[in-house]
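Numbering (full-length UniProt numbering), first residue to last: 1 to 172.
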């Protein structure tokens with residue numbers, strides 16, 4: 001007889017092959033999903049303020065995208081959440097100042113990443129930085145993400161697994 005975890009709809013993993021989804025369902029059924037993630041991503045980063053996040057983002061930008069536009073504002077945003085399907089956000093606000101058009105770039109990271117593994121924060125930041133050069137999620141965008149973070153795709157998958165774990169009912 002099938003258990004609920006055999007048919008569990010994994011909303012964050014819908015675009016992945018069925019065999020990967022089944023591996024995650026298996027870990028859920030065996031109550032080992034948290035163990036899997038803890039083994040791969042055991043730590044928690046120390047970046048807790050917007051000022052520290054701004055410094056972190058600018059350091060990554062300088063290491064990887066020196067010619068990209070300056071970032072004017074970076075912050076953790078508690079209004080970004082999974083219901084809006086946004087873990088990070090980049091915006092460009094254009095204003096006319098003294099006859100010149102000025103564009104201000106902002107990066108916002110969902111507050112839930114204050115408590116996440118450093119690898120997940122880095123993946124979200126790399127994703128948002130890549131949008132400074134590539135606005136669409138196309139081949140060039142993902143190539144840039146992989147340039148900045150060679151294991152980008154694995155981290156993105158594991159981040160989706162982490163989000164899945166966060167939404168599981170407490171089985172204890």
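Glycine included, each C-beta is placed from N, C-alpha and C at the ideal position.
Ignore the nearest five residues each way along the sequence and tell me which others in residue 165's own chain have a CB closer than 7 Å to its CB. 33, 34 and 37
By the three-class DSSP mapping on this structure, what secondary structure does residue 134 have? coil
Find out if the Cβ-Cβ distance for the pair residue 68, residue 61 is shorter than 8 Å. yes
Spatial neighbours of residue 20 within its chain, please: C-beta separation below 8 Å, excluding the five flanking residues on both sides. 13 and 157
Assign residue 122 to one of two classes, buried (16 or more other C-beta atoms within 10 Å of its C-beta) or exposed (fewer than that). buried
Sheet register partners of residue 76 (DSSP bridge): 109
Taking the beta carbon of residue 66 as the centre, do at least 16 other beta carbons fall within 10 Å, making it buried, or is it exposed? exposed
So is residue 155 buried or exposed if we call it buried at 16+ other beta carbons inside 10 Å? buried
From residue 24 to residue 161, what distance separates their C-alpha atoms? 8 Å
Based on Cα-Cα distance, which residue from 41, 54 and 9 lies nearest to residue 128? 54
Look at the alpha carbon of residue 8 and the alpha carbon of residue 136, and state the distance between them as a whole number of angstroms. 31 Å
With a Cβ-Cβ cutoff of 8 Å, do residue 15 and residue 117 count as a contact? no
Are the CB atoms of residue 105 and residue 71 within a distance shorter than 8 Å? yes
In angstroms with no decimal places, state the Cα-to-Cα distance between residue 74 and residue 120. 17 Å
Label residue 168 either buried or exposed according to how many other C-beta atoms from any shown protein chain fall within 10 Å of its C-beta, with 16 as the threshold for buried. exposed
In angstroms, rounded to a whole number, what distance separates the CA positions of residue 27 and residue 103? 46 Å
If you follow the alpha helix (DSSP H) that residue 68 is in, where does it begin and where does it stop? Note, residue 68: premise wrong, no alpha helix (DSSP H); not H, not E.
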